[in-house]
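A.B. asks: Going by our numbering, the first residue of the sequence shown is number 891, and it counts up by one from there. All residues carry an ideal CB built from backbone N, CA and C; glycine is no exception. Note that this is a predicted model, so its numbers are computed, not measured. Before anything else, here's the structure in question.
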Amino acid sequence: MRFTILFLLFPILLFSQDYLEVSPKPGDGIQNILERYQIPYSKSMEKTFLQLNSSQINRDTKVLYLNAKYKLPIKQYKYNGKSIRTTIGNSDYDYAKSIQDWNLLLLKLGVKPGDYRNDLDLWVPDFTVDNKLEELKIKEPLFGKELEDIEPISNSLSGKIFYLVAGHGGPDPGAIGKANGHELHEDEYAYDITLRFARELMLNSAKVYIIVQDDNDGIREDKYLNNSNDEYYYGKDTISHDQVTRLRKRAEIVNNLYTQNVKNGFNEQYLLVLHVDSRITEKRIDIFFYHNANSPQGKIFATTLLETLENKYRIAQPGRGYDGSVSTRNLYMLKYTKPTAVYIELGNIQNPKDQVRLVEANNRQAIANWLTDGVLKYIKSN
């Protein structure tokens, strides 16, 4: 949905209202608090924000404090129950319609707590947009034609950044299992679940970087995923044959993006690495998690994911039990990366019971859904 914005500034003092005041969330910088409220970020808009809050913000550090309230370039009006035009004192129908669409967009994203027609709290943008404001839609071709268009269903992860790394890829297929005459390559199943996980995070307004990519696969519904070696890294870099080089490159990509995003004011950044285990062929292995021993938040994050999956299994399969675990491990992607990181083992590709978890598309989607629920729980509690 697209709609035209005709936001003009009208010097009608009779209808002038106070600016909306909001409290930042943990990790917020100026850019992501503006973008959460669908205010297009620019240096000019940052300057406006600084001017509105000149008495409580340092222009040099630009640090936002959790216990403070900051004004946004949004005016609050008490809706008169009749029309937007008579409420704000402007007879321009297109202008009023654009305000209505913008309020309903913020409501849909979970930013605005109520519908102005019910709570009588009308928000009016005090800024100009380049003629168009789109609903927060994302297009990600990596998901495939049928699923590339994403329209977020919530704003729960707005301002949060996630780096998702599917294990292996390119010349390295990872572990290989066999089922009904088919080879099951770890990199293909980890990648498919990673794509599904990424899409679910994006549906909740997260910014997601998919570090290992494949233009040809997309999210697949097949049981037996075709094996290929044409994966590459974010930025179109080739995946090396050498394991150490591969790990260093993945960490380098994540760390470079992390540093740049911190400079842009995004402090809540997370790394999730997805693999499929194969060490014990005769045993079913429930999804388990590793974190860096020196990362308290990594431990909390991993534990939250574990508890979420355990609860999901308890509901979906009563009496089944769940033997997943959280522990530390000195892995390269945990030790040498900057974001809070969790390493996920999705199961045992050699075990027939675990293979069902991987080859059934509905099960791969369930894993993605449940991991997303764990992420949402963690973010909400921190």
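1. Excluding the 5 residues preceding and the 5 following residue 1238 in the sequence, name in chain order all residues of the same chain whose CB lies nearer than 7 Å to its CB.
2. Taking the alpha carbon of residue 911 as the reference point, which residue from 1071, 1077, 1240 and 1013 has its own alpha carbon closest?
3. Check the DSSP bridge columns for residue 1052 and list the partner residues they point to.
4. Less than 8 Å between the beta carbons of residue 969 and residue 1010, yes or no?
5. Please state whether DSSP places residue 1180 in a helix, a strand or coil.
6. What beta strand (DSSP E) runs, 3 residues minimum, are completely inside the segment 1061-1099?
7. Taking the alpha carbon of residue 973 as the point to measure from, which residue in 990, 1096 and 1041 has its own alpha carbon closest?
8. Run through the DSSP bridge pairs and tell me what residue 860 is partnered with.
9. Can you tell me which of 978, 967 and 992 puts its alpha carbon nearest to the alpha carbon of residue 930?
10. Does the segment 998-1005 come close enough to the segment 948-960 that 3 or more CB-CB pairs lie under 8 Å?
11. So, at 7 Å on beta carbons, what are the nonlocal neighbours of residue 1277 in its own chain, with the 5 sequence-adjacent residues on each side left out?
12. Going by alpha carbons, who is nearest to residue 1123 out of 1135, 1114 and 1117?
13. What does a CB cutoff of less than 7 Å around residue 1038 pick up in its chain, not counting 5 residues either side in sequence?
14. Quick one, are the C-beta atoms of residue 920 and residue 1155 less than 8 Å apart?
15. Taking its Cβ as the centre, do 16 or more other Cβ atoms sit within 10 Å of residue 1209, making it buried, or is it exposed?
16. Quick check on residue 966: does DSSP put it in helix, strand or coil?
17. Using CA coordinates, which residue listed in 915, 1058 and 1228 is at the minimum distance from residue 833?
18. So is residue 1250 buried or exposed if we call it buried at 16+ other beta carbons inside 10 Å?
19. Which of the three DSSP states, helix, strand or coil, is assigned to residue 1238?
20. Return yes when the Cβ of residue 1254 is within less than 8 Å of the Cβ of residue 865, no when it is not.
21. Look at the alpha carbon of residue 1187 and the alpha carbon of residue 1230, and state the distance between them as a whole number of angstroms.
22. What do you get for residue 1189, buried or exposed, if any count of 16 or more other CB atoms within 10 angstroms of its CB means buried?
C.D. replies: Walking through what the data contain:
1. Cβ neighbours of residue 1238 beyond the five flanking positions: 1167, 1168, 1170, 1173, 1174, 1175 and 1244.
2. 1013
3. 1098 and 1160
4. yes
5. strand
6. 1066-1069 and 1072-1075
7. Of the listed residues, the one whose Cα sits closest to residue 973 is 990.
8. Outside the displayed span of the chain (891 to 1272) sits residue 860, for which this structure offers no information.
9. 992
10. no
11. The shown model of the chain, from 891 to 1272, leaves out residue 1277, and the question about it has no answer.
12. 1135
13. Shown here for residue 1038: same chain residues with a beta carbon closer than 7 Å to its own, the five before and five after excluded, namely 1029, 1030 and 1031 in chain order.
14. yes
15. Its Cβ having fewer than 16 others within 10 Å, residue 1209 is exposed.
16. strand
17. With the chain covering 891 to 1272 only, the question about residue 833 has no answer from this structure.
18. exposed
19. strand
20. An answer regarding residue 865 cannot be provided, because it is not within the stretch 891 to 1272 covered by the chain.
21. 7 Å
22. buried
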